[in-house]
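K.L.:
Numbering (the numbering used here), first residue to last: 269 to 479.
#1: When burial is assigned at 16 or more other CB atoms within 10 Å of the CB, is residue 372 buried or exposed?
#2: State the CB to CB distance for the pair residue 462 and residue 345, rounded to an integer number of angstroms; the pair is presumed to be in contact (CB under 8 angstroms).
#3: Taking 8 angstroms as the threshold (C-beta atoms), are residue 393 and residue 310 in contact?
#4: Can you find at least 3 beta carbon pairs, one from the stretch 326-336 and one from the stretch 287-296, that sit closer than 8 angstroms?
#5: What did DSSP end up calling residue 297 once you bin it into helix, strand or coil?
#6: Where do the ends of the beta strand (DSSP E) carrying residue 344 lie?
#7: Return yes when the Cβ of residue 290 is within less than 8 angstroms of the Cβ of residue 464, no when it is not.
#8: In three-state terms, what does DSSP make of residue 478?
#9: Assign residue 286 to buried or exposed, taking buried as 16 or more other Cβ atoms, counted over all protein chains shown, within 10 Å of its Cβ.
#10: Taking the C-alpha atoms as reference points, what is the distance between residue 323 and residue 281?
#11: I'd like the list of long-range same chain contacts for residue 363, defined as Cβ closer than 7 angstroms, with 5 residues on each side in sequence excluded.
#12: May I have the straight-line CA-CA distance separating residue 374 from residue 339, to the nearest angstrom?
#13: DSSP three-state call for residue 456: helix, strand or coil?
#14: Helix, strand or coil for residue 302 per DSSP?
#15: Is the beta carbon of residue 407 closer than 8 angstroms to that of residue 301?
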């Protein structure tokens, strides 16, 4: 049974709760759109998804279905169930207003940091110094010389990733507002978020229209 179906508009953010065992499905609606995604344990907001810990525990930077994503306390927080794209990012912090000033000479630009902070504030979570998200559909390329470049996402329209919650969670997602670089193919578009209860054995999971 579906408990949430939300279209997150381009450049905006959204916060939501998920129960342990539910499935989160994030879809790149039009393709080439990054979604910064953070999660916190509902019973202990000091514990959150941690990309660095995940890379340390998995000994790799690329996740596949079956892989566990870990919290800053080295406990499972999400499990990858399926993934149409296979290209995501663990190393970049959320974009923020200061970044746009330094890199693009633009002030008061919309940012994933602000989107995520506002979304989490609705659940009583304070703004952190910085967000370190699981950047869905973000295509970060590390060169042999150690250089880092953010390239156009490889995700196509309708590509999705499904993640199982390993605890009751508070989540926030941002449809990244950067149109100044290849990060989102120079055009910002929406992201769809769905949450499903575990399907009963032998039953098909249907997907009703966006609400």
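Cβ coordinates follow ideal geometry from the N, Cα and C atoms, glycine included.
P.N.:
Looking at the atomic coordinates:
#1: exposed
#2: That pair is no contact at about 19 angstroms.
#3: no
#4: no
#5: coil
#6: 344-351
#7: yes
#8: Unreliable positioning characterises residue 478 in this predicted model, as indicated by a pLDDT of 36, which lies under 50. The coordinate reading is nonetheless provided below. DSSP places residue 478 in coil when its eight states are reduced to three.
#9: buried
#10: 26 angstroms
#11: 379, 380, 381, 444, 446
#12: 34 angstroms
#13: coil
#14: coil
#15: no
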